[in-house]
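Chemist: If you read the sequences in order, they're chains R and C. Count the first sequence with my numbering and you get residues 1 to 787, in order. Count the second sequence with my numbering and you get residues 788 to 1049, in order.
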Amino acid sequence: MTDRIRRLREQSLNAVNRITAERALLITEFYKSGVAASEPVPVQRALSFKYILEHKYICINDGELIVGERGPAPKATPTYPEICIHSLKDLQILNDRAKVSFKSDEETRAAYRDIIIPFWKGKSNRDRIFSSLPQEWKDAYDAGLFTEFQEQRAPGHTALGIKMFHTGLLELKQHIAESMAAVDLVNDPEGVDKRDELRAMDIVCDAMISYANRHADKLEELAAQEQDEQRKAELLEMARICRKVPAHAPETVHEALQHYWFIHLGVVTELNPWDSFNPGRLDQSLYPLYKKEMEEGTTTKEKVYEVLQSFWVKFNNHPSPPKVGVTAEESNTYTDFCLINVGGVKEDGSDGVNEMSYILLDVIQEMRLLQPSSMIQVSKKNPDRFIRQAVEIIKTGFGQPSVFNTDALVQEMLRAGKDVKDARNGGCSGCVETGAFGTEAYILTGYFNLPKILELTLNDGFDKRTGKQLGLHTGQATDFKTYDELFAAYKAQVNHFMRIKLSGNNIIERIFMRNMPVPFLSVLIDDCIARGKDYMCGGARYNSTYVQGVGLGSITDMLTSLRYNVFDKQNVTMAELKEALDNDFKGYEELQYQLVYNTPKYGNDDDYADEQEVAVFDMYYDALSGHKSPRGADYRVNMLPTTCHVYFGKVTGATPDGRNAWKVLSEGISPVQGADTNGPTAVIRSAAKIDHIKTGGTLLNQKFTPSLLSTDEGCYNLVHLIRAYFRMDGHHIQFNVVNADTLRDAQKHPENYRDLIVRVAGYSDYFNDLGEDLQNEIICRTEQTTF
Amino acid sequence: MQGLIFDIKRYAIHDGPGIRTTVFLKGCPLRCRWCHNPESQHHQPETMAQKRKLGERTFMDNHTVGYTISPDNLMREIRKDYVFFEESGGGVTFSGGEPLQQADFLLECLKRCKTEGIHTCVDTAGAVHTTLLDEICRYTDIFLYDVKTADELTFKTYIGAPYSTVIDNLRRIAENGCHIIARIPVVPDVNDSTEQIDAIINLLAGIPQVRQVNLLPFHRTGADKYKRLGRNWEMGDTPNLSKDNLQPMRQRFTEAGFEVKV
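1) Can you confirm whether Val870 (chain C), when its beta carbon is compared against all beta carbons of chain R, has any partner nearer than 8 Å?
2) Might you give, ordered along the chain, the residues of its own chain that have their beta carbon closer than 7 Å to the beta carbon of Ala492 (chain R), omitting 5 neighbours on each side?
3) Against Ser875 (chain C), what residues of chain R qualify as contacts under a CB-to-CB distance less than 7 Å, listed in chain order?
4) Are any of the Cβ atoms in chain C nearer than 8 Å to that of Met728 (chain R)?
5) From Arg797 (chain C) to Met164 (chain R), what does the alpha carbon distance come to, in whole angstroms?
6) Please say whether Ala143 (chain R) and Leu470 (chain R) have beta carbons closer to each other than 8 Å?
7) Given a threshold of 16 other Cβ atoms within 10 Å of its Cβ, counted over all protein chains shown, does Thr132 (chain R) qualify as buried or as exposed?
8) Can you tell me which of R:Arg70, R:Gln152 and R:Thr147 puts its alpha carbon nearest to the alpha carbon of Asp90 (chain R)?
9) Which residues does DSSP pair with Thr396 (chain R) in a beta bridge?
10) In three-state DSSP terms, what is Pro40 (chain R)?
11) What are the boundary residues of the alpha helix (DSSP H) that includes Asn449 (chain R)?
12) Measure the C-alpha to C-alpha separation of Leu282 (chain R) and Ile162 (chain R) and round it to an integer number of angstroms.
13) Pick out whichever of C:Asn1019, C:Ala961, C:Ile954 and C:Ala992 has its Cα sitting closest to the Cα of Arg1039 (chain C).
14) If we count Cβ pairs, one from each stretch, closer than 8 Å, do we get three or more for the stretch 456-470 of chain R versus the stretch 271-289 of chain R?
15) Can you pull the chain C neighbours of Gly714 (chain R), defined as C-beta to C-beta under 8 Å?
16) Identify every run of the alpha helix (DSSP H) within the stretch 41-115 of chain R, keeping only runs that are complete inside it and at least 4 residues long; order them along the chain.
17) Take the Cβ of Thr652 (chain R) as the centre, count every other Cβ of all protein chains shown within 10 Å, and call the residue buried at 16 or more, exposed below.
18) Among residues of its own chain, excluding the 5 on either side of Phe787 (chain R), which ones have a beta-carbon nearer than 7 Å to its beta-carbon?
19) Please tell me whether, using a cut-off of 7 Å, the distance from the CB of Thr652 (chain R) to the nearest non-hydrogen atom of the ligand SAM is below it.
20) Hey, out of C:Cys896, C:Ile987 and C:Gly1044, whose CA is closest to Arg998 (chain C)'s CA?
21) Compare the C-beta of Pro600 (chain R) with all C-beta atoms of chain A and state if any pair is closer than 8 Å.
22) Spell out whether any CB of chain C is found under 8 Å from the CB atom of Asp605 (chain R).
23) Pull out every residue of the stretch 383-411 of chain R whose Cβ sits closer than 9 Å to any Cβ of chain C, in chain order.
24) Can you tell me whether DSSP reads Arg839 (chain C) as helix, strand or coil?
25) If you draw a straight line from the C-alpha of Ser803 (chain R) to the C-alpha of Gln837 (chain C), how long is it?
26) Where Thr927 (chain C) and Asp1011 (chain C) are concerned, what is the direct C-alpha to C-alpha distance, given to the nearest angstrom?
27) Output the residue ranges of the beta strand (DSSP E) runs that lie fully inside the stretch 692-727 of chain R and measure 3 residues or longer, sorted by chain position.
28) Taking Pro1035 (chain C) as part of the beta strand (DSSP E), name the residues at either end of that continuous run.
29) Just list the alpha helix (DSSP H) runs in the stretch 224-267 of chain R, keeping only unbroken ones of 4 residues or longer that don't cross its boundaries, in chain order.
30) Contact criterion: CB-CB distance below 8 Å. Does Thr2 (chain R) meet it with respect to chain C?
31) How would you call Met201 (chain R), buried or exposed, if buried means at least 16 neighbouring beta carbons within 10 angstroms?
32) For the stretch 919-947 of chain C, enumerate the residues whose C-beta is nearer than 9 Å to any C-beta of chain R, in chain order.
33) Find out if the Cβ-Cβ distance for the pair Leu931 (chain C), Cys908 (chain C) is shorter than 8 Å.
34) I'd like the span of the alpha helix (DSSP H) that includes Pro972 (chain C), first residue to last.
35) Can you look up Glu347 (chain R) in the DSSP assignment and give me helix, strand or coil?
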């Protein structure tokens, strides 16, 4: 690492996360002025985008090689009042909260109080959403049956395709013009909408090009003042690059990274999409440029490393936009889920691992930053050496890179009807979400609390916590004569809440389609230009919508316990068990012991328990499949929790697996913390019993003690473990390599562990930034150790 | 046919190459006082106390160690990790206790493993005479052979079985051409002296099938199990050995031409 990179990295790590009112003020000014009031919505949005880019402060940080900040400085984080207004109270909470705080000064708060809040009050998308949603949705939401992704942030959830690394915006403007010329205003009922959308697309391309030129201007200014000849030359070179990209296709690694970074800034300035944005298959995109430069002798490996590392720092400068309330609970982290993909296969299906893949692994290891997050794609065609190199980073214990099964991803996408080339060009973004990069809008809409629904099923649909009858009347628990009757009731309740969730989804999606088009994101994703249709409205070649199931391990153990203890072995009557649950096991500790320790559990390769896993998964799959959203997307299954298993646990009473009320649930498809006692191969076998190919992503966490990976042989055994899971079509696996003792000590002495990073679920985070519940949850995960 | 076992450990990565499933057969003629698996020694199921915490409360749960299993059912368990064996070059390891004490059962299981293409290891202390040994060798890829000492007196004092059986079996296995990994539990004041080590080196140097030596440092993790079985731990306060403690020993074996793992 060069001194420059060390400084930039330090600067990023030390920058304070704070709110900036810059963007909110600019967009307020724009809409207040009324200049675009008579324009159609997409054009209004495009002009507001242009206005922001024309007026926002151009920030160039000392010594950096890649330029452009979302706010006026690193970690100065904008808000998006057209989506969600942060109240003064929200700002106060964000400022004061112990974890994941965002500071705001008096001037910023005054801007919200006097200008931003008065203008947007009642007019934000969130206001629209909550005034349209039915009461049954709100009741279920309040009870914690599901969450909603789009109430504070916009849909996005996609990654840039490889193609866009070789395409300039001027070329896209040509495509826009061609598409515009083909619009049939006489016979096509959507002709007018297409014309408006294409106009908006053209405006945003120009806006982005002039934004890049503003950086070039500033860089030239700085160069004129610069005393250091070497830096002066750098600044002039950077200015040259900013005049070239993103207007024209990049031809060097440096140009390509700056090109992407402008595009990234455009996407995260236009709106606050979930999962920020993502360069996707970075090694595949950069390698041809790198190879050419090296062959021509126009760059050196050192230079390539340095510019990549400068690029890495940019991601870390951008915390996830501040969330509040339930949305903060389901995803309480600074991480904004940009997930860089390394490895996998090429478009023709051949081994995609190249020299750039190894360079990126080096960069990940050396930078050791939370953001960007990183993963390796592993195909049967990739060499073991590649995985082995990744294990070298994994064993250092910061949770990156996570490991994905390319061959499963491709199958998942083919099953969903994608072209094989598009599938192979795809990967995973966010935590574990499968998508065709550059051609798909795959949108996550919220978490679904599978264990809570069983709690309601055992109470005839009544929720004790909120005191409301939320579910169907499926009968009292004691009425169920057989396990099958109980399961049928559970299924009916799941379908009931899925109906409520999906109806809400469709209402919300319609609101985004009408009010929040994203012309800039749309020009980047095929085939929005060709169809003259916005990304929000189904313009992408492929459209998927996910509802993420949470607590597979918990619900499996809960159902297994009922089947085993109440029906099969008759260790306890339903009436007694109900009473124990109602008393949170107070006075029923012997029974609780039986439920926790002497009952089959998921994660042990025990078919008795795993039968429930498969049954619940299939039932969830059936509840969601076959539905279409307003933009024409297919609803699909995804099994990941972010931090929602903590929140869902907090709203769920005592459960038949012996879990006390309000305690955390299991995460992803991992077993209940501590329930898996037969080692990692048994966990993997259990996890592989569901059909991963039917999903758009599953998440499996494993915690290993560092001693397991202390030898070369130990590291190779991990490689083999990964290969074996992937032979069984497992989608994803990630590793925490840390001792529980270390984590306990870190809880006691956080000051000594400021740089301790752990894997949460689909992302890594500083241990100190996690809430105590989540810290405890990670400590309780089973530690796979040597025997 | 039934075997008596007390555990099946999956993802065993120290009992031979790759990722393995280790089957622990119950019953052993030896009573090594440093034994860290005392529950492996008796030839019948026995009760072991287990303390478990749930919230603030501690529960005592007596559970039975040892159960009989048929080769069919055992194969069903072994087969579960077949994919892991294939990927890692691993397989199954029969350990104990002393697996040669259930030679019929062992042989039957080994045969079945070989029929299914599963790599096999047998972890033995060799202190049992069996007429089936030659046949067992036919179905065993690697023997993990305990060489606790090469000094007959030490053997008599601490281990108590006929030393000649151990040596005869080692030679027989070697004559059968089997690959052998010598495993040496290094116990303070028992076999960690230079003389002891040199004697082992001398013994092994005469057996070309032994190329690899595993040094297993003494540890106290078994102490608690003795208490839970209602027995005495006779190693007193003997401290754990670390990998570093074994460095000189490792050096000597390496110099003598062995591949050493600690």
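Positions of the beta carbon are idealized from the N, C-alpha and C atoms, including for glycine.
Modeler: Let me lay it out:
1) On the second sequence, position 83 is the one that residue 870 (chain C) refers to. Answer yes: the Cβ-Cβ gap between Val870 (chain C) and chain R drops below 8 Å somewhere.
2) Counted from its first residue, the first sequence places residue 492 (chain R) at position 492. Correct list, in chain order: Leu472 and Thr474.
3) The count along the second sequence starts at 1 and reaches residue 875 (chain C) at position 88. Residues of chain R whose Cβ lies closer than 7 Å to the Cβ of Ser875 (chain C) are, in chain order, Asn717 and His720.
4) As a first step, residue 728 (chain R) is located in the first sequence; it is residue number 728 there, counting from the start. With respect to chain C, the C-beta atom of Met728 (chain R) has a partner C-beta closer than 8 Å.
5) Numbered from 1 along the second sequence, position 10 holds the residue referred to as residue 797 (chain C). Numbered from 1 along the first sequence, position 164 holds the residue referred to as residue 164 (chain R). Computed Cα separation, rounded: 47 Å.
6) Here residue 470 (chain R) is taken as the residue at index 470 of the first sequence, counted from 1. Here residue 143 (chain R) is taken as the residue at index 143 of the first sequence, counted from 1. Going by C-beta atoms, Leu470 (chain R) is nearer than 8 Å to Ala143 (chain R).
7) To locate residue 132 (chain R), count along the first sequence from 1; it is residue 132. Residue 132 (chain R) is actually Ser in this sequence, not Thr. Looking at its Cβ environment, which holds fewer than 16 other Cβ atoms inside 10 Å, Ser132 (chain R) is exposed.
8) Here residue 90 (chain R) refers to the residue found at position 90 of the first sequence. Comparing Cα-Cα distances from Asp90 (chain R) to each of R:Arg70, R:Gln152 and R:Thr147, the minimum goes to R:Gln152.
9) Looking up residue 396 (chain R) in the first sequence gives position 396. According to DSSP, Thr396 (chain R) bridges with nothing at all.
10) Translated into positions along the first sequence, residue 40 (chain R) becomes position 40. In this structure, Pro40 (chain R) counts as coil in the three-state DSSP scheme.
11) Taking the first residue of the first sequence as 1, we reach residue 449 (chain R) at position 449. No alpha helix (DSSP H) contains Asn449 (chain R), which is instead part of the beta strand (DSSP E) from Glu440 to Asn449.
12) Translated into positions along the first sequence, residue 282 (chain R) becomes position 282. Translated into positions along the first sequence, residue 162 (chain R) becomes position 162. About 8 Å.
13) For this step, residue 1039 (chain C) is matched to residue 252 along the second sequence. Here the closest residue by C-alpha is C:Ala992.
14) Too few Cβ pairs lie closer than 8 Å, so no.
15) If you number the first sequence from 1, residue 714 (chain R) lands on position 714. Against chain C, the beta carbon of Gly714 (chain R) has neighbours under 8 Å at Ile800, listed in chain order.
16) Qualifying alpha helix (DSSP H) stretches, in chain order: 41-55, 88-96 and 106-111.
17) Position 652 of the first sequence, counting from 1, holds the residue named residue 652 (chain R). Thr652 (chain R) counts as buried, since no fewer than 16 other beta carbons sit within 10 angstroms of its beta carbon.
18) Here the question's residue 787 (chain R) lines up with position 787 in the first sequence. In this predicted model, Phe787 (chain R) has a pLDDT of only 44, less than 50, meaning its place in the structure is not dependable; the value taken from the coordinates is given anyway. Correct list: empty, nothing qualifies.
19) Because no ligand of any kind appears in the structure shown, any question about the ligand SAM cannot be addressed here.
20) As a working note, residue 998 (chain C) is residue 211 in the second sequence. Among C:Cys896, C:Ile987 and C:Gly1044, the Cα nearest to that of Arg998 (chain C) is on C:Gly1044.
21) Looking for chain A here will not work: the only protein chains present are R and C.
22) Numbered from its first residue, the first sequence carries residue 605 (chain R) at position 605. At a cut-off of 8 Å between C-beta atoms, Asp605 (chain R) counts as an interface residue with respect to chain C.
23) Close to chain C, meaning a Cβ-Cβ distance shorter than 9 Å, is no residue of the stretch 383-411 of chain R at all.
24) Walking along the second sequence from the start, residue 839 (chain C) turns up at place 52. In the three-state reduction of the DSSP assignment, Arg839 (chain C) falls in the strand class.
25) An answer regarding residue 803 (chain R) cannot be provided, because it is not within the stretch 1 to 787 covered by chain R.
26) Mapped onto the second sequence, residue 927 (chain C) falls at position 140. Mapped onto the second sequence, residue 1011 (chain C) falls at position 224. Each residue's alpha carbon lies about 33 Å from the other.
27) Inside the stretch 692-727 of chain R, DSSP marks whole beta strand (DSSP E) runs of 3 or more residues at positions 701-704, from first to last along the chain.
28) Against the second sequence, residue 1035 (chain C) aligns to sequence position 248. In the DSSP assignment, Pro1035 (chain C) falls outside any beta strand (DSSP E) and lies within the alpha helix (DSSP H) extending over Gln1034 to Glu1042.
29) Fully enclosed alpha helix (DSSP H) runs of 4 or longer: 229-244.
30) Looking up residue 2 (chain R) in the first sequence gives position 2. Chain C, which has no Cβ nearer than 8 Å to the Cβ of Thr2 (chain R), makes this no.
31) One-based indexing of the first sequence puts residue 201 (chain R) at position 201. With 16 or more Cβ atoms within 10 Å of its Cβ, Met201 (chain R) is classed as buried.
32) Nothing from the stretch 919-947 of chain C brings a Cβ to less than 9 Å from some Cβ of chain R.
33) Residue numbering aside, residue 931 (chain C) sits at position 144 when the second sequence is read from its first letter. Residue numbering aside, residue 908 (chain C) sits at position 121 when the second sequence is read from its first letter. Their beta carbons are under 8 Å apart, which means Leu931 (chain C) touches Cys908 (chain C) by this criterion.
34) On the second sequence, position 185 is the one that residue 972 (chain C) refers to. Counting along the chain, Pro972 (chain C) falls outside any alpha helix (DSSP H), though it belongs to the beta strand (DSSP E) covering His966 to Val973.
35) Position 347 of the first sequence, counting from 1, holds the residue named residue 347 (chain R). Looking at Glu347 (chain R) - three-state DSSP - the assignment turns out to be coil, as it is neither helix nor strand.
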